[in-house]
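Novice: In our numbering, the protein residues as written are 3 to 164. Positions of the beta carbon are idealized from the N, C-alpha and C atoms, including for glycine.
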Amino acid sequence: MKHIYLFIGILLFSSIGFSQKSGDFAFIKDTIRIPKENKVVDSEYLITSLKNGTTLQLVKAPNTKFYLRICTNENLYFGKTDMLEIKSGSKSFFAKETTNYELSKNSGYYVIEIFKNYIGTLKEDGITGFIFGKAVTTFSKQDCNQVKQMAKHFYENVCTKK
3 MKHIYLFIGI LLFSSIGFSQ KSGDFAFIKD TIRIPKENKV VDSEYLITSL
53 KNGTTLQLVK APNTKFYLRI CTNENLYFGK TDMLEIKSGS KSFFAKETTN
103 YELSKNSGYY VIEIFKNYIG TLKEDGITGF IFGKAVTTFS KQDCNQVKQM
153 AKHFYENVCT KK
């Protein structure tokens with residue numbers, strides 16, 4: 003339980019910060035809860051906050067799995083399970099049976115497993131928005147570029163190392 007409160011505190015603190023440049027990203031070691039697997043695992047992640055209050059994390063778990071955690075204060079359908087479509091320009095990533103979990107009264111989050119090649123897509127195209135059920139969230143060009151920078155830093159430091 004302490005880890006969850008620490009994690010929420012880090013999220014809130016980071017959402018207050020300003021936009022980051024590529025060199026400003028630093029890996030954070032902490033635990034992450036994977037609700038679908040009902041596990042808490044040690045992880046390393048990068049985090050960025052976008053203008054609309056959304057927080058994105060690229061997570062590397064020790065089991066060589068990668069996750070994307072999206073914390074949002076829009077389209078709060080707590081407990082609802084549906085298809086999550088993450089748009090990257092003209093490309094889309096579909097996460098079937100994704101649940102919107104409650105983080106607080108005014109925010110929720112999604113945790114989805116992603117693959118190394120999708121991190122490559124993120125570093126090239128960023129995220130322009132996502133669709134959960136019929137609810138659409140879009141991001142500005144500046145936010146998209148910020149996601150590209152974070153994904154590039156993650157890819158260069160995690161995915162290309164042997």
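1) So the alpha helix (DSSP H) residue 125 belongs to, where does it begin and stop?
2) Give me the Cα-Cα distance between residue 24 and residue 40, rounded to the nearest whole angstrom.
3) Please classify residue 79: does DSSP put it in a helix, a strand, or coil?
4) What first and last residue would you give for the beta strand (DSSP E) that runs through residue 153?
5) Going by CA-CA distance only, name the one from 47, 65 and 91 that's closest to residue 58.
6) How about the stretch 105-125 and the stretch 67-85: do they share at least three Cβ pairs that are nearer than 8 Å?
Specialist: Working from what's here:
1) That run of the alpha helix (DSSP H) goes 118-127.
2) Unreliable positioning characterises residue 24 in this predicted model, as indicated by a pLDDT of 43, which lies under 50. The coordinate reading is nonetheless provided below. Cα-Cα distance, rounded: 33 Å.
3) Residue state, collapsed to three classes: coil.
4) No beta strand (DSSP E) contains residue 153, which is instead part of the alpha helix (DSSP H) from 143-156.
5) Considering only alpha carbons, the answer is 47.
6) Yes: at least three Cβ pairs fall under 8 Å.
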